[in-house]
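Numbering (our numbering), first residue to last: -19 to 303.
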């Protein structure tokens, strides 16, 4: 059963040709016949976030039969079944499809393989349906953004996947800092511990954003639109949203970014201190953090330029714009 009649089931990747496949766009829900209603609920709940989402009825060789056709399998089954039926198929983490299992009650979403290559992404999406994403990849377990997740937020892909072992360790140690940008034409010589991210589209501006706790999605929408209007920009000009790690879990901001089809990049305190903005902030005096909006806009911007200083909207959301 397919939700996209035009999908090419023979394709095993929807990513750029030199990508190592850190996102999932074509997924298959593998379910027993008695669980088809839940599979349909998943399609209705998150199907619009993917290029295609198919429902495949489980049988003993189902994974082997469809191996290589999808970026990620969602196993609507016990984790042990998925593990036993796919273990002999696993070859290379950069090429293997990701696997995420979920129970019939949508209580847990558990990435088994390919956490940084689609399974964590699917688990995150299933969280919007009430499932708890049980992620064990080190960066996510520590509440930090791995390089692959940063690439997705930046609308980019990792060209040299093996490098992410070292760069994600740097993420864990708060030593990576913001992604450095180079404009071409240029030749770049890198070591094995440098992750090269290639943009999927054109550059835009960065919305640096802070907020009071619990600001709602409409307040973020209104603040972002107002800030862009004042800068003679619109939503299509925005590349991604930048913030600090202490604000990375604000539900209103995440919902607003999802509605605008934007990624969110969260910078550590040390990075924001390095790129502190020109406008004084009481947060530095009160909690030791620099102002998040300006610092994150500068850290995320090309050559770390600030296009518009921070403005506070509705006493709830603060926005600055990075060039």
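The C-beta atom is built at its ideal place from N, Cα and C for all residues, glycine as well.
It should be emphasised that the depicted structure is a prediction, and the values quoted were computed from it without experimental measurement.
Keeping to the same chain, check which residues put their C-beta closer than 6 Å to that of residue i; ignore five residues upstream and five downstream.
{"i": "residue 6", "result": "-6, 31, 32, 50, 51"}
{"i": "residue 109", "result": "25, 86"}
{"i": "residue -11", "result": "Low confidence applies here, because residue -11 scores a pLDDT of 34, under 50, leaving its location unreliable; read the following figure in that light. Excluding residues within five positions, the ones whose Cβ falls inside 6 Å are 49."}
{"i": "residue 217", "result": "184, 185"}
{"i": "residue 225", "result": "246, 248"}
{"i": "residue 203", "result": "293, 297, 299"}
{"i": "residue 232", "result": "195, 196, 197, 200"}
For residue i, which residues does DSSP report across the bridge?
{"i": "residue 61", "result": "Answer is none; residue 61 lacks a bridge partner."}
{"i": "residue 37", "result": "11"}
{"i": "residue 32", "result": "6"}
{"i": "residue 113", "result": "89"}
{"i": "residue 137", "result": "178"}
{"i": "residue 286", "result": "302"}
{"i": "residue 292", "result": "298"}
{"i": "residue 246", "result": "223"}
To the nearest whole angstrom, what separates the beta carbons of residue i and residue j, a pair I think is in contact under 8 Å?
{"i": "residue 188", "j": "residue 107", "result": "About 25 Å separates the two Cβ atoms, so there is no contact after all."}
{"i": "residue 97", "j": "residue 78", "result": "5 Å"}
{"i": "residue 127", "j": "residue 148", "result": "6 Å"}
{"i": "residue 275", "j": "residue 252", "result": "4 Å"}
{"i": "residue 262", "j": "residue 240", "result": "Contact flag wrong, Cβ pair sits at about 28 Å."}
{"i": "residue 4", "j": "residue 102", "result": "6 Å"}
{"i": "residue 222", "j": "residue 277", "result": "6 Å"}
{"i": "residue 190", "j": "residue 227", "result": "6 Å"}
{"i": "residue 258", "j": "residue 289", "result": "6 Å"}
{"i": "residue 81", "j": "residue 62", "result": "5 Å"}
{"i": "residue 22", "j": "residue 54", "result": "7 Å"}
{"i": "residue 207", "j": "residue 116", "result": "The Cβ separation is near 38 Å, so there is no contact."}
{"i": "residue 220", "j": "residue 244", "result": "7 Å"}
State the start and end residues of the unbroken alpha helix (DSSP H) segment that holds residue i.
{"i": "residue 43", "result": "42 to 46"}
{"i": "residue 255", "result": "That residue, residue 255, is in no alpha helix (DSSP H); it is neither H nor E in DSSP."}
{"i": "residue 232", "result": "231 to 239"}
{"i": "residue 280", "result": "272 to 280"}
{"i": "residue 106", "result": "99 to 107"}
{"i": "residue 84", "result": "Counting along the chain, residue 84 falls outside any alpha helix (DSSP H), and DSSP gives it neither H nor E."}
{"i": "residue 71", "result": "Neither: residue 71 is in no alpha helix (DSSP H) and is coded neither H nor E."}
{"i": "residue 17", "result": "16 to 26"}
With a CB to CB cut of under 7 Å and the five nearest residues on each side skipped, what residues in its chain are close to residue i?
{"i": "residue 312", "result": "No statement about residue 312 is possible, as the shown extent of the chain runs from -19 to 303 and does not include it."}
{"i": "residue 287", "result": "185, 211, 301, 302, 303"}
{"i": "residue 15", "result": "56, 84"}
{"i": "residue 44", "result": "69"}
{"i": "residue 158", "result": "247, 251, 279, 280"}
{"i": "residue -8", "result": "Caution applies to residue -8, whose pLDDT of 29 falls short of 50 and renders its modelled position unreliable; the value that the coordinates give is listed next. Cβ within range, chain order: 48, 49."}
First and last residue of the beta strand (DSSP E) that includes residue i?
{"i": "residue 76", "result": "From DSSP, residue 76 is part of no beta strand (DSSP E); its letter is neither H nor E."}
{"i": "residue 223", "result": "218 to 224"}
{"i": "residue 300", "result": "297 to 302"}
{"i": "residue 56", "result": "52 to 56"}
Can you find the residues in the same chain that come closer than 8 Å, C-beta to C-beta, to residue i, ignoring five residues on each side of it along the sequence?
{"i": "residue 176", "result": "138, 139, 140, 143, 168, 170"}
{"i": "residue 260", "result": "271"}
{"i": "residue 213", "result": "185, 301"}
{"i": "residue 180", "result": "-4, 135, 136, 137"}
{"i": "residue 36", "result": "-19, 8, 9, 10, 11, 42, 46"}
{"i": "residue 162", "result": "168"}
From the beta carbon of residue i, is the nearest beta carbon of chain D less than 8 Å away?
{"i": "residue 13", "result": "Judged by its chain identifiers, the structure shown contains no chain D, having just a single protein chain."}
With hydrogens ignored, establish whether the beta-carbon of residue i is closer than 7 Å to any heavy atom of the ligand FMN.
{"i": "residue 108", "result": "The ligand FMN is absent from the structure shown, which contains no ligands of any kind."}
4-residue-minimum alpha helix (DSSP H) runs that sit fully inside the stretch 150 to 200, ordered along the chain: none
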